[in-house]
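K.L.:
Got a structure here, written out as C-alpha cells. Questions coming.
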Amino acid sequence: MALAFNWKFAFAALLVLVMQAYQATSRDLYEASIVKRHEQWMARFGRVYKDDAEKAKRFKIFKDNTEYIDSVNMAGIKPYKLDVNEFADLTNDEFRVTRNGYRMPSHKKSPEITSFKYENVTAPATMDWRKKGAVTGIKDQGQCGCCWAFSAVAATEGINKIKTGKLISLSEQELVDCDTSSDMGCEGGLMDDAFKFIIKNHGLTTESNYPYEGTDSTCKTGKESNHAAKITSYEDVPANSESALLKAVANQPVSVAIDASGSDFQFYSSGVFTGECGTELDHGVTAVGYGEASDGTKYWLVKNSWGTSWGENGYIRMQRNASQATSRGLYETSMVQKHDQWMTRFGRVYKDDVEKAKRFKIFKDNTEYIDSFNKAGTKPYKLDINEFADLTNEEFRATHNGYRMPSQKKSPEITSFKYENVTAPATMDWRKKGAVTGIKDQGQCGCCWAFSAVAATEGINKIKTGKLISLSEQELVDCDTSSDMGCEGGLMDDAFKFIIKNHGLTTESNYPYEGTDSTCKTGKESNHAAKITSYEDVPANSESDLLKAVANQPVSVAIDASASDFQFYSSGVFTGECGTELDHGVTAVGYGKASDGTKYWLVKNSWGTSWGENGYIRMQRNVDTEEGLCGIAMEASYPTA
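In case it helps, mature numbering (1 follows the signal peptide of the UniProt record, and there is no 0) puts the sequence shown at residues -26 to -1, 1 to 615.
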C-alpha cells in the first residue's frame, strides 16, 4: 500500500515538474519561432537592415504585426484573410506614407464632361477585363507615393486596348517626372490631373522606353515625346453611385480612389474584403471588373500597384452593392454609437469635427483589434476598450510612459543584496498589509518614474513607521531636475537619490499632482512627511532575487510597456509578447499563482483605475528568460529606511 502511494506521489511530482518546464519553455519556444519566422521572411523578401539596432526595431514591429495577423485569421469573423507579406516590418503609419499617395481635392471636382456616357447601358452580370486582354501585369510603385500615376496608366492602357486592339504597357515614370503642374510625383497626385496631362501631352510613351525608377526625376523630354497611346478626354463617374460605377466598369477599366489606410488593407491576402475603412481617400487603384463570390457576396475586382506578393497576386476583391451599403451603414452606426458612449464615459471632447473624425478612425481600428483579439481567445488575458482607445500606440507611449533606460550600467548605492538569504513566502500582496496607497493617474505626463519611486517609498515608510502616507509625485516632477526630466522621463534610482539628498518627500495633499512640469515650490517641498536613508538595486536579470525583494517590500521595476496589448490590457495574467526596451516605471507590490497554476507578479501601474484590473496588472513570472517578462527583472530597485 505504501509502495502504491509513493508511486502515485512520485508521478504527481513528476507531472508538476513537467508542467513547470512547459510553462518555462513555452515563451522561449515562441520567441525562437518568431525569430526564425522573421529570418525566413527576411530571406524571402531580401530584407537587409543597416545595423542590429534597426533589426531589433523592425523585429518588434514584425512581431506585433504577425500577432495581429494571426489573431484576425484565427478569430475567423471576417470573410477575408490577412498575410505576413512584404510590408510586415512597417508600422501602418510608415506604410501609408510610402505606399499610398492619392490627394483628396480641396474642393468639389469639375469634370471635363458633365454627361455620363454609360447612363443607359445594361451591364452584364460579371466582368473581368483581364480575360479580355485589357489589363497589363501587376506593377509595383515601391516606396514612391505615386499610386495616382499607376491608376491613371492602367485605365489608359485599358481604353487603348479596347479602341486599338493593342495592349501596350505605358510609362508611369513619365507622369511622375513630367506631370508637375498639378501632381507632385512621389508626394501624391490625382488621376484626373494625370488624364489632363496625357490629353495635353498628346499621349504617353511605353514602359520600356521610359522605365519606372520609383523616384522623382527630371522630365526626359526626348523619351516622353515618343507617344504610344493617347486619350481625347476623360469623364467622372457620377459620385456616390455604385450602379453608375458598375456601368462604367462594364465598359472599360476605371480609375477609383479608396481609403486604404487600415492595417487589414496593408496585410490583405485573399477573400472578399469587407474590412472596415472610412472615406478619407488616400490611394488610387483601378477597377478592372466585378463579380460574385461562391457565397453570394458581390465584389469589385481591383488592380493594385503593390506587387504580386500582396493580395490575390496583386489584386483585391472588395465588397460591392446595396447590401454592402446597408450592412456597412448599420456597422458604422453601431460603431459611431459606441464611440459616442465611450466619449461620454470618459468625458472626451474634441476641438472640432476634423479632430473627432481622426479620433473616431483610431477608435474604430483599436476596437476592431481588441474585439478580434478577445474572440480569438489564444492568450490567458483580455483586452478592453479603455480610456486610451482613441490614441495610436505611438501617441500613447509618448505620453504615458517615461522611463529612460540608463546609457550605462547602473552604479548602485549599495552593492550587497540585503535579502540574499531570506526565504520568500509562497504569495505576497502588500495591499493586504496596508502598504500600498490607492491607484493614481499620471495623465499625459511621462513621469511614471516618479509614481514608481513614490509607491516604493510609501511602502517602506509604512513598513518602518506603521503609517501609510500618500506622498507627492509632483514634488519629484518639479524639484528633482538634476538628473530626471519631469514629464520628459526619468529613472527611479535618480528619484531615490533626490529623496535621500532632500531628506524626504512631502505629502500628496500638501503638494498635489498637476500632470505638468512646473517650478519647484520650495515652501511646500521642505515639509517632509517620509524619508529614506538609501536605496539598493536588485541583482539584475534574476527573478528569484526580485521575488525575495518583493517578499519584503514594494519594489520599483522598469518594464517594456510599448505593445498595444499592454495599452488595452484588462484582466488575466499578462503573457503578451513584449521586448526588453524598458520604457515604463511601475511598482511590484506582490506575487502569486493564478487558478490555472500560472505564476505572476502583482504590479501597480499609474494609469488610473479604468486600466487593467482596477489599475493593476498581473504579469507572468518565472519565464524562461533571465530578464523576466517585459524585462521586469532587469532594473529593479528599492529604497531603505
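No residue lacks a Cβ here, since even glycine has one placed at the ideal position from N, Cα and C.
DSSP beta-bridge partners for Asp403?
P.N.:
DSSP lists Gly564 as partners of Asp403.
K.L.:
So, for Ile336: in the same chain, excluding its five sequence neighbours on each side, which residues have a beta-carbon less than 7 Å away from its beta-carbon?
P.N.:
The residues are Asp364, Leu365 and Thr366.
K.L.:
Just to confirm before moving on: does the CB-CB distance between Gln293 and Phe247 stay below 9 Å?
P.N.:
Against a cut-off of 9 Å, the Cβ pair of Phe247 and Gln293 comes out as a contact.
K.L.:
Mind checking whether Ser544 and Leu357 have CB atoms under 9 Å apart?
P.N.:
Yes, these two residues count as a Cβ contact at 9 Å.
K.L.:
When you compare only the Cα positions, how much space is there between Lys407 and Lys392?
P.N.:
Rounded to whole angstroms, Lys407 to Lys392 spans 21 Å at the Cα level.
K.L.:
Would you tell me roughly how many angstroms separate the C-alpha atoms of Glu329 and Gly460, rounded to the nearest one?
P.N.:
Each residue's alpha carbon lies about 28 Å from the other.
K.L.:
Leaving out the 5 sequence neighbours to the left and right, which residues in its chain are closer than 7 Å to Thr554 when beta-carbon positions are compared?
P.N.:
Around Thr554: Asp534, Glu601, Gly605 and Met608.
K.L.:
Going residue by residue through the stretch 322 to 368, where are the continuous alpha helix (DSSP H) segments of at least 4 residues, counting only ones entirely within it?
P.N.:
Runs of the alpha helix (DSSP H) inside the stretch 322 to 368: 327 to 350.
K.L.:
Taking only the alpha-carbon atoms, compute the straight-line gap between Leu220 and Glu181 and give it to the nearest angstrom.
P.N.:
Distance between the alpha carbons of Leu220 and Glu181 is about 29 Å.
K.L.:
Write down the C-beta distance between Glu209 and Phe90 rounded to the nearest angstrom, noting that I regard them as a contact closer than 8 Å.
P.N.:
Glu209 to Phe90, Cβ: 7 Å. Contact.
K.L.:
Expressed to the nearest angstrom, what Euclidean distance is found between the alpha-carbon atoms of Leu64 and His12?
P.N.:
Approximately 13 Å between the Cα atoms of the pair.
K.L.:
How big is the Cα-Cα spacing for Arg595 and Phe548?
P.N.:
So the two alpha carbons sit approximately 10 Å from each other.
K.L.:
What's the C-alpha gap between Tyr377 and Trp423?
P.N.:
Using only the alpha carbons, I get a separation of about 6 Å.
K.L.:
Confirm, please, whether the CB-CB distance from Leu465 to Val428 is below 9 Å.
P.N.:
No, they are not a contact pair.
K.L.:
Starting from the C-beta of Ile142, find all residues in its chain whose C-beta is less than 7 Å away, skip the five residues before and the five after it, and write them out in chain order.
P.N.:
Around Ile142: Glu131, Asn134, Thr180, Ala202 and Ala203.
K.L.:
Kindly confirm or deny that the stretch 432 to 452 and the stretch 399 to 414 touch, where touching means at least three C-beta pairs closer than 8 Å.
P.N.:
Verdict: yes, contact present.
K.L.:
Quick one: residues in its chain with C-beta nearer than 7 Å to the C-beta of Asn579, no 5 flanking neighbours on either side, listed in chain order?
P.N.:
Val560, Trp585, Gly586, Gly589, Tyr590 and Ile591.
K.L.:
Closest to residue 616 by CA distance: which of Asn175, Gly288, His477 and Pro53 is it?
P.N.:
The shown model of the chain, from -26 to 615, leaves out residue 616, and the question about it has no answer.
K.L.:
Which residues in the same chain have their Cβ closer than 7 Å to the Cβ of Glu342, if we skip the five residues on either side of it in sequence?
P.N.:
Contacts found: Glu250.
K.L.:
Quick check on the burial criterion: 16 or more other C-beta atoms within 10 angstroms. Buried or exposed for Phe19?
P.N.:
Phe19 should be labelled exposed.
K.L.:
In this structure, does DSSP put Arg291 in helix, strand or coil?
P.N.:
Strand at Arg291.
K.L.:
Provide the residue(s) that pair with Lys559 in DSSP beta bridges, ordered along the chain.
P.N.:
As written in the sequence, residue 559 is Gly, which differs from the Lys given in the question. Gly559 is bridged to Ala532.
K.L.:
Grouping DSSP H, G and I as helix and E and B as strand, with all else coil, what is Leu603?
P.N.:
The answer is helix: DSSP assigns Leu603 an H, G or I state.
K.L.:
Hey, Asp190 and Gly159: beta-carbon distance below 9 Å or not?
P.N.:
Yes, these two residues count as a Cβ contact at 9 Å.
K.L.:
Can you look up Met(-26) in the DSSP assignment and give me helix, strand or coil?
P.N.:
Confidence at Met(-26) is low in this model, with a pLDDT of 34, below 50, so its placement is unreliable and the value that follows should be read with caution. Looking at Met(-26) - three-state DSSP - the assignment turns out to be coil, as it is neither helix nor strand.
K.L.:
Measure the C-alpha to C-alpha separation of Gly196 and Ala99 and round it to an integer number of angstroms.
P.N.:
Approximately 45 Å, taken between the alpha carbons.
K.L.:
Going by other Cβ atoms of all chains shown within 10 Å of its Cβ, with 16 needed for buried, is Gln527 buried or exposed?
P.N.:
Counting Cβ neighbours within 10 Å, Gln527 comes out buried, since at least 16 surround it.
K.L.:
Alpha carbon to alpha carbon, how far is Glu68 from Ala129? Give it in angstroms, no decimals.
P.N.:
C-alpha separation (whole angstroms): 28 Å.
K.L.:
In the DSSP output, which residue or residues are listed as bridge partners for Ile232?
P.N.:
Per DSSP, His257.
K.L.:
Over the uninterrupted beta strand (DSSP E) stretch that includes Trp581, give me the two end residues.
P.N.:
Looking at the DSSP string, Trp581 is not in any beta strand (DSSP E), and its letter there is neither H nor E.
K.L.:
For the alpha helix (DSSP H) containing Val223, name the first residue and the last one.
P.N.:
Counting along the chain, the alpha helix (DSSP H) containing Val223 begins and ends at Glu216 to Val223.
K.L.:
Is Glu266 helix, strand or coil by DSSP?
P.N.:
Of the three classes helix, strand and coil, the one that applies to Glu266 here is strand, per DSSP.
K.L.:
Just tell me which of Ser237, Gln240, Thr282 and Asn295 has its CA closest to the CA of Tyr264.
P.N.:
Here the closest residue by C-alpha is Asn295.
K.L.:
Nearest to Lys338 by alpha carbon, out of His313, Ser346, Phe362 and Thr352?
P.N.:
Considering only alpha carbons, the answer is His313.
K.L.:
Three or more C-beta pairs closer than 8 Å, one from the stretch 100 to 111 and one from the stretch 148 to 159: is that the case here?
P.N.:
The stretch 100 to 111, when compared against the stretch 148 to 159, does not touch it at the 8 Å Cβ threshold.
K.L.:
Are Val230 and Thr260 closer than 9 Å when you measure CB to CB?
P.N.:
Taking 9 Å as the Cβ cut-off, Val230 and Thr260 qualify as a contacting pair.
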